[in-house]
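Trainee:
Next comes the structure, spelled out in structure tokens:
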């Protein structure tokens, strides 16, 4: 299903997007050396409930997962890039942490992800990888707008990631979003310009470039959720929810100023 939202629903989506951004930035500030991933999950639950919102993850049970996710945020450390199941792990200096969060409020969802390094260490390759996903996200958003094709977004992301020297996995990518978290159209992180669905005002998309340092192959943990790089190399993931407007694309999940 491809959903076109009314202006009133897009206005509600701005509120949901602001909440997602606020929670992610709060978790980034709290994620210090020694912080446990389960603490982060608990703090996210508190913020979602305090805002009168709902988690998109707790009861999420897609065909590729192992039953309901059962947690409030995805926490990927180092080589874990997607669907990281929070578990009993204390963050260490230099860990690369990816946080992915989707929330539903007043009937409209928003989805975003950030990657950052914990503590004082700044491994150069990790910094470069995070920056590469951020550049690719900006390129994808710049390619979005009314009348443009989904393939334009995919092509812009793929070109940016390849220019940065990374291989691309297209099994998981961006997606439509609205009254539910995951909708059509699928947005691969590589593709041909001019192909696919033509965007219209009211369409909302979650665009999410992610890379692994030296591979495009994923492996799944025994938990049935967490996806890691097949080589054990580090990974990064960045995501925003956007709304297509009459003039271009509006980012709904920007951090608070």
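Residue numbers (the working numbering): 474 to 730. C-beta atoms are modelled at their ideal positions from N, C-alpha and C, and glycine is treated no differently. What you are looking at is a predicted structure, and each value in this text was computed from that prediction instead of being measured.
Looking at C-beta atoms only, is the number of pairs between the segment 527-540 and the segment 506-514 that lie closer than 8 angstroms three or more?
Mentor: Contact between the segment 527-540 and the segment 506-514 is absent, because fewer than three Cβ pairs lie under 8 angstroms.
Trainee: Quick check: what's the CA-CA separation for residue 551 versus residue 570?
Mentor: Here residue 551 corresponds to residue number 78 of the chain shown, with the count starting at 1. Here residue 570 corresponds to residue number 97 of the chain shown, with the count starting at 1. Their backbone Cα atoms lie some 6 angstroms apart in a straight line.
Trainee: Helix, strand or coil for residue 693, going by three-state DSSP, please let me know.
Mentor: As a working mapping, residue 693 is identified with position 220 in the chain shown. Correct three-state label for residue 693: strand.
Trainee: Tell whether a beta-carbon distance below 7 angstroms holds between residue 660 and residue 647.
Mentor: On the chain shown, residue 660 is found 187 positions in, with the first residue counted as 1. On the chain shown, residue 647 is found 174 positions in, with the first residue counted as 1. The answer is yes: Cβ separation under 7 angstroms.
Trainee: Return the chain-ordered list of same chain residues with a C-beta closer than 7 angstroms to the C-beta of residue 627, the five sequence neighbours on each side being excluded.
Mentor: Translated into positions along the chain shown, residue 627 becomes position 154. If we look at residue 627 and ignore the five residues flanking it on each side, its Cβ neighbours are 660, 661, 662, 663 and 664.
Trainee: For residue 549, which residues does DSSP report across the bridge?
Mentor: Position 76 of the chain shown, counted from the first residue, corresponds to residue 549. BP columns for residue 549 point to 571.
Trainee: Can you tell which of 679, 684 and 604 has its C-alpha closest to the C-alpha of residue 722?
Mentor: On the chain shown, residue 722 is found 249 positions in, with the first residue counted as 1. Closest by alpha carbon: 679.
Trainee: Relative to the C-alpha of residue 534, which residue among 609, 654 and 519 is closest?
Mentor: One-based indexing of the chain shown puts residue 534 at position 61. It is 654.
Trainee: What runs of the alpha helix (DSSP H), each 4 residues or longer, lie entirely inside the segment 569-621?
Mentor: As far as the segment 569-621 is concerned, its whole alpha helix (DSSP H) runs of at least 4 residues are 597-615.
Trainee: Quick one, are the C-beta atoms of residue 685 and residue 716 less than 7 angstroms apart?
Mentor: Numbered from 1 along the chain shown, position 212 holds the residue referred to as residue 685. Numbered from 1 along the chain shown, position 243 holds the residue referred to as residue 716. Against a cut-off of 7 angstroms, the Cβ pair of residue 716 and residue 685 comes out as no contact.
Trainee: Do three or more CB pairs link the segment 579-597 to the segment 487-506 at distances below 8 angstroms?
Mentor: A contact exists between the segment 579-597 and the segment 487-506.
Trainee: Are the CB atoms of residue 704 and residue 687 nearer to each other than 7 angstroms?
Mentor: Sequence index remark: in the chain shown, residue 704 carries index 231 (1-based). Sequence index remark: in the chain shown, residue 687 carries index 214 (1-based). Yes, they are a contact pair.
Trainee: Considering only the alpha carbon of each residue, which of 497, 595, 630 and 547 lies closest to residue 606?
Mentor: If you number the chain shown from 1, residue 606 lands on position 133. Selected option, being the one with the closest Cα: 630.
Trainee: Taking 7 angstroms as the cut-off, decide whether the C-beta atoms of residue 618 and residue 594 are in contact.
Mentor: As a position in the chain shown, residue 618 is number 145, starting the count at 1. As a position in the chain shown, residue 594 is number 121, starting the count at 1. Against a cut-off of 7 angstroms, the Cβ pair of residue 594 and residue 618 comes out as no contact.
Trainee: Are the beta-carbon atoms of residue 514 and residue 544 separated by less than 7 angstroms?
Mentor: Translated into the one-based positions of the chain shown, residue 514 becomes position 41. Translated into the one-based positions of the chain shown, residue 544 becomes position 71. In this structure, residue 544 lies closer than 7 angstroms to residue 514 by Cβ.
Trainee: Name the two residues that bound the continuous beta strand (DSSP E) containing residue 677.
Mentor: Position 204 of the chain shown holds residue 677. 677-680 is the extent of the beta strand (DSSP E) around residue 677.
Trainee: Measuring straight from C-alpha to C-alpha, what distance separates residue 512 and residue 649?
Mentor: Numbered from its first residue, the chain shown carries residue 512 at position 39. Numbered from its first residue, the chain shown carries residue 649 at position 176. If I take the Cα positions, the gap works out to 30 angstroms.
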